[in-house]
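In order, the protein sequences belong to chains V and Y.
The numbering of the first sequence is our numbering, which starts it at 66 and goes up by one.
The numbering of the second sequence is our numbering, which starts it at 33 and goes up by one.
To keep things clear, I will list the structure first and then write my remarks on it.
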Amino acid sequence: ETGVTQTPRHLVMGMTNKKSLKCEQHLGHNAMYWYKQSAKKPLELMFVYSLEERVENNSVPSRFSPECPNSSHLFLHLHTLQPEDSALYLCASSRPGLGDSGNTIYFGEGSWLTVV
Amino acid sequence: GQSLEQPSEVTAVEGAIVQINCTYQTSGFYGLSWYQQHDGGAPTFLSYNALDGLEETGRFSSFLSRSDSYGYLLLQELQMKDSASYFCAAPNQAGTALIFGKGTTLSVSS
Chain V
66 ETGVTQTPRH
76 LVMGMTNKKS
86 LKCEQHLGHN
96 AMYWYKQSAK
106 KPLELMFVYS
116 LEERVENNSV
126 PSRFSPECPN
136 SSHLFLHLHT
146 LQPEDSALYL
156 CASSRPGLGD
166 SGNTIYFGEG
176 SWLTVV
Chain Y
33 GQSLEQPSEV
43 TAVEGAIVQI
53 NCTYQTSGFY
63 GLSWYQQHDG
73 GAPTFLSYNA
83 LDGLEETGRF
93 SSFLSRSDSY
103 GYLLLQELQM
113 KDSASYFCAA
123 PNQAGTALIF
133 GKGTTLSVSS
């Protein structure tokens, strides 16, 4: 148990479907992140929210749409995805300001997404 | 740009010592972190170096040389449960997110 909970853990969706991934953190953090992890690729940063404002959008296609309604919850809305979007989507949280000494991020278990 | 390079695979036997290296290129640098990820699990934080030198936490140690843009994770008295992927990471220039290396898969055999 990492204090960051992601649902669903597994999702299979067709290319025309609309689905959402949910993340909830119980650590009292103010920053939340979405990362994508594919085979043979590093953890790729997708989005960063700090104090509920989006501060990073790492050239992610518009078929991925994040939402951060409050500091404890983060969503990733998915629509018209492609098979190459199949991956592990990891949510993480931290205190703001990773340049501060010792500040670290805490990951959820991830949502395995398969696009068919 | 920003990048972190580490070997893709390392193998070792139980009881051995293994060192996983990480070299980085960053526009600004705050410090180097290490994360462990078991198959099917979440990446979990292992250690952080902001200053040059060695940080020791039980069987795991991490080293940083800012002048060489280099660090390593040292795992001692290896156990089978240490088989996992290990990632080095550093904050981006703005300090708003962590950028990760591609990960090193460690396989420990008996």
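Just so it is clear, CB atoms sit at the ideal spot from N, CA and C, and this is done for glycine as well.
Exposed unless 16 or more other CB atoms sit within 10 angstroms - verdict on residue i
i, result
"residue 113 of chain Y", "exposed"
"residue 168 of chain V", "buried"
"residue 90 of chain V", "buried"
"residue 180 of chain V", "buried"
"residue 94 of chain V", "buried"
"residue 92 of chain V", "exposed"
Straight-line Cα distance separating residue j from residue i
i, j, result
"residue 71 of chain Y", "residue 101 of chain V", "15 Å"
"residue 81 of chain Y", "residue 94 of chain Y", "7 Å"
"residue 64 of chain Y", "residue 132 of chain V", "29 Å"
"residue 142 of chain V", "residue 86 of chain Y", "42 Å"
"residue 79 of chain V", "residue 40 of chain Y", "33 Å"
Within chain V, the residues that residue i reaches when beta carbons sit closer than 7 Å
i, result
"residue 123 of chain Y", "163, 164"
Own chain, CB closer than 6 Å to residue i, minus 5 neighbours either side, in chain order
i, result
"residue 38 of chain Y", "54, 120, 133, 136"
"residue 91 of chain Y", "108, 109"
"residue 130 of chain V", "142"
7 Å Cβ cut-off: residues of chain C touching residue i
i, result
"residue 169 of chain V", "Structure shown: chain C not included; protein chains present are V and Y."
Residues near residue i in its chain [Cβ-Cβ closer than 8 Å; skip 5 each side]
i, result
"residue 46 of chain Y", "110, 111, 112, 140, 141, 142"
Own chain, CB closer than 7 Å to residue i, minus 5 neighbours either side, in chain order
i, result
"residue 50 of chain Y", "42, 44, 107, 110, 138"
"residue 135 of chain V", "117"
Chain-ordered neighbours of residue i on chain Y, where CB pairs are closer than 9 Å
i, result
"residue 115 of chain V", "128"
Under 7 Å from the C-beta of residue i: neighbouring residues of chain Y
i, result
"residue 98 of chain V", "129"
"residue 120 of chain V", "128"
Interface residues of chain Y facing residue i [CB-CB closer than 8 Å]
i, result
"residue 134 of chain V", "What residue 134 of chain V touches in chain Y: nothing, since even the nearest Cβ is about 20 Å away."
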